[in-house]
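Just below is one structure, and these are the notes that go with it.
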Amino acid sequence: MNKKRILLIIGIIVALIGFYCFYYYYPRKVSFELVKEIDKPSKELDNSQWFSYHYIENEENLIYFLTDYYKQRYPPQQGYDSAIAHNIGKTLDYEHYDYIMVYQRQLKELRHSPYFTKTIDGLYFDKRTPLIPTWDSVITDKVYIYRIKKSNKYRAPGP
């Protein structure tokens, strides 16, 4: 009887370790869809080497990333005109979706797991889950806006 009990306990421990490893390492995919594809704001702007994206939760974030963000970093003006940004912002549904803006590359997939959070993400203090992108290798002259279901648990990865 003792032998059976010991084997049962060892089996339970092995199963728990297996479940933990599966939970920790297994990447979960987040579904997304392309909403808008627009031309680059400026021919001189080259973000093809930047392997991240802007996570947009509301219209103010979208307008900031389309207009002001690149004014500060790359003078002279290389962002979009504010009228164009407002027109794009009005067509999006911020109540039901969050948006991801990508420059010059298309997304293949978005994944997350505790392992990715620990090894790839640099913002350990932010408790929201970073979505780690996988990119298509083709570089284009477009800006892509994707949407995902609204959730307060996702964010862009840190540095």
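Taking this note's numbering, the leading residue of the sequence shown gets -13, the next gets one more, and so forth.
For every residue, glycine included, the Cβ atom is placed at its ideal position computed from N, Cα and C.
| Query | Result |
| --- | --- |
| Could you check how far apart the C-beta atoms of L20 and L48 are, in whole angstroms? I think they sit under 8 Å. | No, L20 and L48 are not in contact; Cβ-Cβ is about 16 Å, not under 8 Å. |
| If you count every other CB in all the chains shown that lies within 10 Å of the CB of R14, and 16 or more means buried, which is it? | exposed |
| Going by beta carbon distance, what residues of the same chain come within less than 8 Å of K26, once the five residues before and after it are set aside? | Y89, Q90, D127, K128 and V129 |
| Cutting at 8 Å between CB atoms, please list the residues of its own chain near V124, excluding the five before and the five after it. | R91 and Q92 |
| For T105, count neighbouring Cβ atoms within 10 angstroms of its own Cβ and tell me buried if that reaches 16, exposed if not. | exposed |
| According to DSSP, is L93 part of a helix, a strand, or is it coil? | strand |
| Is W54 helix, strand or coil by DSSP? | For clarity, residue 54 is Asp in the given sequence; the question names Trp instead. In the structure shown, D54 sits in a helix (DSSP, three-state: H, G or I). |
| In the DSSP assignment, what are the bridge partners of I134? | D84 |
| Going by C-alpha to C-alpha distance, which of F18, K76 and Y66 sits closest to S28? | Y66 |
| Taking the Cβ atom as the reference point for each residue, do S74 and I24 lie within a distance shorter than 9 Å? | A small fix is needed here, since residue 74 is Ile in this sequence, not Ser. Yes, the pair counts as a contact, with Cβ atoms nearer than the cut-off. |
| Of the residues K94, Y41 and P145, which one's Cα is nearest the Cα of K139? | Y41 |
| Is T120 buried or exposed, if buried means 16 or more other CB atoms sit within 10 Å of its CB? | exposed |
| What did DSSP end up calling Y66 once you bin it into helix, strand or coil? | coil |
| Count the other CB atoms, across all protein chains shown, that sit within 10 Å of the CB of I(-4); report buried if there are 16 or more and exposed otherwise. | exposed |
| Identify, in the order they occur along the chain, each residue of the same chain with its Cβ nearer than 6 Å to the Cβ of Y101, setting aside the five sequence neighbours on each side. | Y10 and Y11 |
| What residue range does the beta strand (DSSP E) around T77 cover? | Careful: T77 lies outside any beta strand (DSSP E) and carries neither H nor E. |
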